[in-house]
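Notes for the one structure printed next.
There are 2 protein chains.
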Amino acid sequence: MRPMARGRPRTFDRDTALNAAVHLFWERGYEATSIGDLTGAMGIRPASLYAAFGDKKALFREAVEAYGRSPEGAFISNALTEEPTARGAFARILREAAAIYSDRSHPAGCLTISAATNVTPQDAEVEKYLRDLRNTNLKRFEARLQRAKSDGELPSTANPKALAHYFAAVIQGMSQQARDGATQETLTQIAAQALNTWPLPDQAPT
Amino acid sequence: MRPMARGRPRTFDRDTALNAAVHLFWERGYEATSIGDLTGAMGIRPASLYAAFGDKKALFREAVEAYGRSPEGAFISNALTEEPTARGAFARILREAAAIYSDRSHPAGCLTISAATNVTPQDAEVEKYLRDLRNTNLKRFEARLQRAKSDGELPSTANPKALAHYFAAVIQGMSQQARDGATQETLTQIAAQALNTWPLPDQAPT
DNA sequence: CTCCTTCTTGAGTGATCGCTCAAGAAACCG
DNA sequence: CGGTTTCTTGAGCGATCACTCAAGAAGGAG
Chain A
0 MRPMARGRPR TFDRDTALNA AVHLFWERGY EATSIGDLTG AMGIRPASLY
50 AAFGDKKALF REAVEAYGRS PEGAFISNAL TEEPTARGAF ARILREAAAI
100 YSDRSHPAGC LTISAATNVT PQDAEVEKYL RDLRNTNLKR FEARLQRAKS
150 DGELPSTANP KALAHYFAAV IQGMSQQARD GATQETLTQI AAQALNTWPL
200 PDQAPT
Chain B
0 MRPMARGRPR TFDRDTALNA AVHLFWERGY EATSIGDLTG AMGIRPASLY
50 AAFGDKKALF REAVEAYGRS PEGAFISNAL TEEPTARGAF ARILREAAAI
100 YSDRSHPAGC LTISAATNVT PQDAEVEKYL RDLRNTNLKR FEARLQRAKS
150 DGELPSTANP KALAHYFAAV IQGMSQQARD GATQETLTQI AAQALNTWPL
200 PDQAPT
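Just so you know, the sequences run in chain order A and B. Just so we're aligned, residue 0 is where the first sequence starts under numbering that gives the first Met the number 0, counting upward by one. Just so we're aligned, residue 0 is where the second sequence starts under numbering that gives the first Met the number 0, counting upward by one.
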């Protein structure tokens, strides 16, 4: 049960403020975004931020989780669970990445890929947090491709782990290209080229 | 002519100190590396650093230039100028990237790709400096592929710009994978998969 | 030797970092 | 109404940031 609200109510919308933090972390990354930047964008004072979210690292983790629930952050998981074939899943992932990473209504590229690249040793746990997320996605890729191999969608010579790393690398490269200014058209061409390597299935016996 | 050395000579080796700076910037990136980190690794005091290199941004630019002259930073340019065919050049680039990015004798991945991903607005020029380097490499890729198309090495249907972005994305993804812990074997498999998409030449008339 | 130049040393600049605290304000409960 | 709880406000904490300065040290020139 949700306890009754007691005391002075919060004067700002927590989700709205969190979305502002997502935007800033997405654009600049963890350490390059200061508490002052955050309170400015969220429209609150530092003490309110700390009362509502804990400290900067806890706010960042909440921001990453919120990003992961948003359409821009969830499209990979959605494709993996919704598409019946592995090829369909990766084709959709690449196509949607091209559209989302270059969408100018939000920062370019992927927050999980680029928000904690340059950190001081004291924030190494933040870097590890995102790296673990990336490597978890890698394992999901590999598991989906292993299933495709077992199902016969991929040939018996296919290497699920190598293919998983390959598609992960292409997606991370597309994120970087988007942050460097690539258009949706260009990213879509990268995606199409990447999908050209999809292994042909075993020849049916004649 | 080199002017005569006057005044008290420098007590440290400038190139050795610069290499220490390269290593730190490569590992952590521009803003996550403090002057204190640098002076500690270089074995000098702040005033000596400023006397020898100017300010932090000038030191970073010198470090990037030194990286670009090192084998780890020059291998792409070397392959483009030394290999007679475009396919040979990109095959070599991908193969060497797999070896260099995962080499544990220095930080993982590519400095140009990862050293200025997360910067505050006041250091935006540093981010732009590396981005311009990346986009210059992209143009070199495109020019080499355009030449291959003119030479008939690539089919008349090939899209040099799209291929350039594709290979750049794969290389940037390989750098990220290396920083996330991928081994040389895994990176080599990514490289092989990427090269599988090389367009087949026009069929010779029969 | 003295003079001149340049580098090194040690201390310290103002600004910004993440974060906190005391006091006041705004809700509900009885 | 008073009492309790929680949030907001404004000021400011110690630490670290990039950077600088005055004084001294180490070389060549004359």
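Virtual Cβ for every residue (Gly too), placed ideally from N, Cα, C.
Pairwise C-beta distances place the region 63-71 of chain B in contact with the region 103-118 of chain B, as three or more of them are shorter than 8 Å.
For a cut-off of 8 Å, the C-beta gap from Arg91 of chain B to Ala78 of chain B is around 4 Å, short enough to register as a contact. Per DSSP, Glu152 of chain B is not a residue of any alpha helix (DSSP H), being assigned neither H nor E. Taking all protein chains in view, the Cβ of Pro45 of chain B is surrounded by fewer than 16 other Cβ atoms within 10 Å, so the residue is classified as exposed. Scanning chain A for C-beta atoms nearer than 7 Å to the C-beta of Ile43 of chain B yields nothing, as the closest lies near 21 Å away. When DSSP states are grouped into helix, strand and coil, Asn134 of chain A belongs to the helix group. Contact with chain B is absent for Tyr66 of chain A, since none of that chain's Cβ atoms lies less than 8 Å from the residue's Cβ.
Within chain A, no C-beta atom comes less than 9 Å from the C-beta of Leu37 of chain B; the nearest is roughly 13 Å away. For Gln202 of chain A, the secondary structure class from DSSP, reduced to helix, strand or coil, is coil. Between Glu30 of chain B and Ala31 of chain A, the beta carbon gap of about 6 Å places them in contact (Cβ cut-off 8 Å). Thr119 of chain B and Ile75 of chain A have their alpha carbons spaced roughly 29 Å apart.
The residue from A:Ala115, A:Arg13, A:Asp179 with its alpha-carbon nearest to that of Ala50 of chain A is A:Arg13. Distance from Leu186 of chain B to Ala167 of chain B at the Cβ level is roughly 16 Å; contact not present, criterion being Cβ atoms closer than 8 Å. By the Cβ-count criterion, Asp102 of chain A is exposed, with fewer than 16 other Cβ atoms from all chains shown falling within 10 Å of its own Cβ. Per the coordinates, the alpha-carbon of Leu199 of chain B lies some 41 Å from the alpha-carbon of Arg27 of chain B. In summary, the residues of the region 15-29 of chain B whose CB is separated from some CB of chain A by less than 9 Å are Arg27, Gly28, Tyr29, in the order they occur in the chain. When Cβ pairs closer than 8 Å are counted between the two stretches, the region 33-44 of chain A is seen to touch the region 15-22 of chain A, the count reaching three or more.
Among the CB atoms of chain B, none fall inside 8 Å of the CB of Arg91 of chain A.
For Phe11 of chain A, there is no enclosing alpha helix (DSSP H), as DSSP marks it with neither H nor E. Around the Cβ of Ile189 of chain B, a 10 Å sphere holds 16 or more other Cβ atoms; the residue is buried.
Under the DSSP assignment, Asn77 of chain A falls in the alpha helix (DSSP H) whose first and last residues are 70-81. Contact note: Ser113 of chain A reaches chain B through Thr116, using a C-beta cutoff of 7 Å and chain order. Contact note: Thr119 of chain B reaches chain A through Arg27, Glu30, Ala31, Thr32, Ser33, Asp36, using a C-beta cutoff of 9 Å and chain order. Residue burial annotation: Asp54 of chain B is exposed, with fewer than 16 other C-beta atoms found within 10 angstroms of its C-beta. Within the region 140-186 of chain A, no complete beta strand (DSSP E) segment of 3 residues or longer occurs. If you compare the alpha carbons of A:Glu124, A:Ala163, A:Arg130 with that of Leu144 of chain A, the shortest gap goes to A:Ala163. Cβ proximity to chain A below 8 Å picks out Asn158, Lys160, Ala161, Leu162, His164, Tyr165, Ala167 from the region 153-167 of chain B. When 9 Å is used as the limit between beta carbons, Thr185 of chain A is near these residues of chain B: Lys160, Ala161, His164, in chain order. Proximity of chain A to Val169 of chain B at the Cβ level (cut-off 7 Å) is accounted for by Ala168, Val169, Gly172, in chain order.
For Asp102 of chain A, no Cβ of chain B is located within less than 8 Å of the residue's own Cβ. Cβ-Cβ separation between Glu71 of chain B and His22 of chain B: approximately 11 Å, too far for a contact (criterion under 8 Å). For Arg146 of chain B, no CB of chain A lies under 8 Å from its own CB, so it is not counted at the interface with that chain.
Between Phe11 of chain B and the set B:Thr38, B:Leu194, B:Ala123, B:Arg5, the nearest pair of CA atoms involves B:Thr38.
Taken through DSSP and simplified to helix, strand or coil, Thr38 of chain A comes out as helix.
By the CB criterion at 8 Å, Leu153 of chain B and Ala85 of chain B fall inside the cutoff.
The three-state reading of DSSP puts Ile92 of chain A in helix, counting H, G and I together.
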